[in-house]
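What follows is a single structure, written as structure tokens, with notes after it.
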Ligand SMILES: [Zn+2]
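Residue numbers (this note's numbering): 319 to 668.
Set out below in structure tokens:
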């Protein structure tokens, strides 16, 4: 929201709004209420400690050229809320420690890096059943992007040694998996020295994702030489990828000719596979967050309570949590008070 738009909605001049931002003037209680309503936060959000700010160049955005600075900042602000929530959880629960390597000078060989990581994580050439759960088991914190950022692709960043990924949940399950693998690629192969982040970085992350989800050896052994659209559509489930992504991978590995690839893409487009996945699978969501909030629930702390502590609306929190809803604790007795003993350790098996 621009300052002018906000000022109009709140009923003050943009200049007065600037005074509030500079803290050279304080809004009246009434104006504060209107500001909170316009920005969809509780009034006490404004008196919360300063939010951590993610540096502008810490994250890579796919459609950067098309994206305004305002949208980028909004996305990064969501990342800031995600960090805040993560810190809150980490103070109370024993979450998986980050176990994501950063390969030096790997940007030139994304496919090699993907293979190396597969072996480091002892995946071999196995199918990855759930990319989000895999990332979480290795200490990546995965959140969902709020509804108002539906136009933003996934993004990721390192935050004080912890890898963080925000995913757009409005895409198909297959594209969501690819996005998660793409962001993993950024985290693994792009060091802070790989700036500025641009189109090359995006292509490298895509190559990493394709190789990570569809290992070369496995694809070569799958008997898909010269596969047309029908075989691509039936084979894609093996890797949990979009038909277009598999067609691209077959071509990249020399299993299809330029001509077959072009005609397959055309046909897939006609069948609706360019913009969506007609026979798509079930969207992946976070297991770590579900388990964490399940544990908090046992202590009588639900999303509303966490939201109150973070000075946010519960709905704002839920948007970061893949829309997580938790049923009440069985028996209905709320346990209040401080938990004793060491924080519970969360085990995530993939
Ligand atoms: Zn990217």
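Even for Gly, the Cβ is constructed at its ideal location relative to N, Cα and C.
- DSSP, read as helix, strand or coil, puts residue 519 in helix.
- Here DSSP, grouped into helix, strand and coil, assigns residue 594 to coil.
- Residue 481 sits close to residue 418, with the two beta carbons spaced by under 7 Å.
- Here residue 398 is near residue 369, since their CB atoms are less than 7 Å apart.
- Each residue's CA atom was taken as its position, placing residue 488 and residue 471 some 10 Å apart.
- Distance from the CA of residue 338 to the CA of residue 412, rounded to the nearest whole angstrom, comes to 39 Å.
- In this structure, residue 546 places its C-beta atom within 7 Å of the C-beta atom of residue 582.
- Judged by the Cβ position, residue 587 fails to qualify as a neighbour of ligand 1 at the 6 Å threshold, every heavy atom of the ligand being at least this far.
- Residue 412 carries a strand assignment under DSSP once its states are collapsed to helix, strand and coil.
- Burial state of residue 466 is exposed, judged by a 10 Å Cβ sphere holding fewer than 16 other Cβ atoms.
- Pairing residue 483 with residue 599, the inter-Cα distance amounts to about 21 Å.
- With a threshold of 6 Å, the Cβ atom of residue 623 does not count as near ligand 1, since no heavy atom of the ligand is closer than that.
- Only buried fits residue 532, as 16 or more other CB atoms lie within 10 angstroms of its CB.
- Between ligand 1 and the CB of residue 380, the shortest heavy atom gap is smaller than 6 Å.
- For the pair residue 431 and residue 506, the CB atoms are nearer than the 7 Å cut-off.
- For the set 631, 509, 477, 536, the Cα lying nearest the Cα of residue 422 is the one of 509.
- By the Cβ neighbour-count rule, residue 473 is buried, with 16 or more other Cβ atoms within 10 Å of its own.
- Contact between residue 619 and residue 636 does not hold, since the beta-carbon distance rounds to 15 Å and is not under 8 Å.
- Take residue 632, set aside five residues on each side of it, and the residues of its chain with a beta-carbon closer than 7 Å to its own are 621, 622, 625, in chain order.
- It is roughly 43 Å from the alpha-carbon of residue 563 to the alpha-carbon of residue 627.
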